[in-house]
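Below you'll find the structure, written out as structure tokens, and then a few comments.
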Amino acid sequence: MYIPFENLPGESRVWIYQSNRKFSEEEFSEIENDLKAFVEDWAAHGTSLEASYLLKYNRFIILAVNQEVQPATGCSIDSSVEFIQNLEKKYGVDLLDKMNVTFKLGEHIAHKPLIDFKKMVKDKAVTGNTIVFNNLVTNIEEFNDAWEVPAVDSWHSRFF
4 MYIPFENLPG ESRVWIYQSN RKFSEEEFSE IENDLKAFVE DWAAHGTSLE ASYLLKYNRF
64 IILAVNQEVQ PATGCSIDSS VEFIQNLEKK YGVDLLDKMN VTFKLGEHIA HKPLIDFKKM
124 VKDKAVTGNT IVFNNLVTNI EEFNDAWEVP AVDSWHSRFF
């Protein structure tokens, strides 16, 4: 059951998928339609999940579930991963590789393999003040407070 993202409680669980490239406006519109249909039918053990999604920067897909109403289970999480894998195939993108870093360079959103990000730190091309996307946040409250943060305030700080 779809619920607007902003109406979900702060403790709702989130999963963040980042694309290795920016989606076109047309692709993002198609993805939004597919997400809406998926979330409407998303269920755990036959019970509808109170869920939502958010699309950000033509690059990020955020899924959320209100765990207080009905927790996401292994099977429902597997179905969401299968949905994401289908998007990967359909659009020729990588959404599941966690060994990449996405960060802001001015108004530009950059996406680099972790090894390249470490080199950029060493070369001082990025600093502790560089805004990074901390995709390890686990709920909406953390998403709102700690998703877009200076690198020194996230797990990226270990590289400085």
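Quick note, my numbering runs 3 ahead of the 1-based positions in the sequence shown.
All residues carry an ideal CB built from backbone N, CA and C; glycine is no exception.
Could you check what DSSP says for residue i in three-state terms: helix, strand or coil?
{"i": "Arg24", "result": "coil"}
{"i": "Ile6", "result": "coil"}
{"i": "Asn36", "result": "helix"}
{"i": "His48", "result": "coil"}
{"i": "Asn147", "result": "helix"}
{"i": "Val140", "result": "coil"}
{"i": "Val42", "result": "helix"}
{"i": "Ser160", "result": "helix"}
Which stretch, first to last residue, makes up the beta strand (DSSP E) that contains residue i?
{"i": "Val152", "result": "151-153"}
{"i": "Ile65", "result": "63-68"}
{"i": "Val104", "result": "103-108"}
{"i": "Val135", "result": "134-136"}
Exposed or buried, residue i, counting other C-beta atoms within 10 Å across all chains shown (16 or more means buried)?
{"i": "Trp158", "result": "exposed"}
{"i": "Val84", "result": "exposed"}
{"i": "Met102", "result": "exposed"}
{"i": "Asn137", "result": "buried"}
{"i": "Ala154", "result": "buried"}
{"i": "Ser15", "result": "buried"}
List the whole-angstrom C-beta distance separating residue i from residue j, where the pair is believed to meet the contact cut-off of C-beta under 8 Å.
{"i": "Val68", "j": "Ala54", "result": "5 Å"}
{"i": "Gly13", "j": "Glu151", "result": "The pair is not a contact, with the Cβ atoms about 17 Å apart (cut-off 8 Å)."}
{"i": "Phe106", "j": "Thr130", "result": "Contact flag wrong, Cβ pair sits at about 11 Å."}
{"i": "Ile64", "j": "Ile34", "result": "7 Å"}
{"i": "Val96", "j": "Asn23", "result": "6 Å"}
{"i": "Glu164", "j": "Met4", "result": "Nothing in the structure corresponds to residue 164, since the chain is present only between 4 and 163."}
Which residues does DSSP list as the beta-bridge partners of residue i?
{"i": "Ser55", "result": "Ala67"}
{"i": "Ala113", "result": "Phe106"}
{"i": "Trp18", "result": "Leu66"}
Counting only beta-carbon atoms, is residue i nearer than 9 Å to chain D?
{"i": "Arg24", "result": "Judged by its chain identifiers, the structure shown contains no chain D, having just a single protein chain."}
Which two residues bound the contiguous alpha helix (DSSP H) that contains residue i?
{"i": "Val124", "result": "117-125"}
{"i": "Phe164", "result": "Outside the shown range of the chain, which is 4 to 163, sits residue 164, and nothing can be said about it."}
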